[in-house]
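Below you'll find the structure, written out as structure tokens, and then a few comments.
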Amino acid sequence: QVQLVESGGGLVQPGGSLRLSCAASGSIFGINALGWYRQAPEKERDLVAIMYIGGGTNYAESVKDRFTISRDNAKNTVYLQMNGLKVEDTAVYYCYGHYRQIGERWGQGIQVTVSS
637 QVQLVESGGG
647 LVQPGGSLRL
657 SCAASGSIFG
667 INALGWYRQA
677 PEKERDLVAI
687 MYIGGGTNYA
697 ESVKDRFTIS
707 RDNAKNTVYL
717 QMNGLKVEDT
727 AVYYCYGHYR
737 QIGERWGQGI
747 QVTVSS
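The sequence shown begins at 637 in my numbering and counts up one residue at a time.
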């Protein structure tokens, strides 16, 4: 089994920055992709950023040039650096992993609130 645990969320003022971390544990092999999704109240869960292990990343248009996804292989951790945060970035952020043998895995979610 693979477990994904997010950290780094919280309250930040508009224009501020946060870095989310997602640590993976368990039988970690055969990774296809790692990423982040978010869900605002009464809205669907949407892709924020995804990194394909074979190469390439995708970002939601609303976060391009502000958010950056990265990975530390040695720590089995994926990060989401969020700069220039806006009120509309407020949501629960979920870590996502897709593994060849076990399919999709999700973290428990972490709250990010952008407010003055």
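Each residue gets a CB set at the ideal place from its N, CA and C atoms; glycine is no exception.
Remember, it's a predicted structure, so these values are computed and weren't measured experimentally.
Under the rule that a run must span 4 or more residues, no alpha helix (DSSP H) segment is found entirely inside the region 682 to 743. Counting other Cβ atoms within 10 Å of its Cβ, LEU670 reaches 16 or more and is therefore classed as buried.
When DSSP reads this structure, GLY646 sits in a beta bridge with VAL748.
With respect to the 9 Å criterion, VAL684 and PHE703 are classified as neighbours on the basis of their beta carbons.
Here ILE667 is bridged, per DSSP, to TYR735.
Nearest neighbour of ARG741 by Cα position, chosen from SER663, GLY652, VAL750, turns out to be SER663. In the assembly as shown, ALA727 is a buried residue. Its beta-carbon has 16 or more other beta-carbons within 10 Å. Setting aside the 5 residues that flank it on each side, ILE686 is surrounded in the same chain by ALA669, GLY671, ASN694, each with a C-beta closer than 6 Å to its C-beta; the list follows chain order.
With contacts defined as CB atoms closer than 9 Å, ILE746 and TYR729 qualify as a contacting pair.
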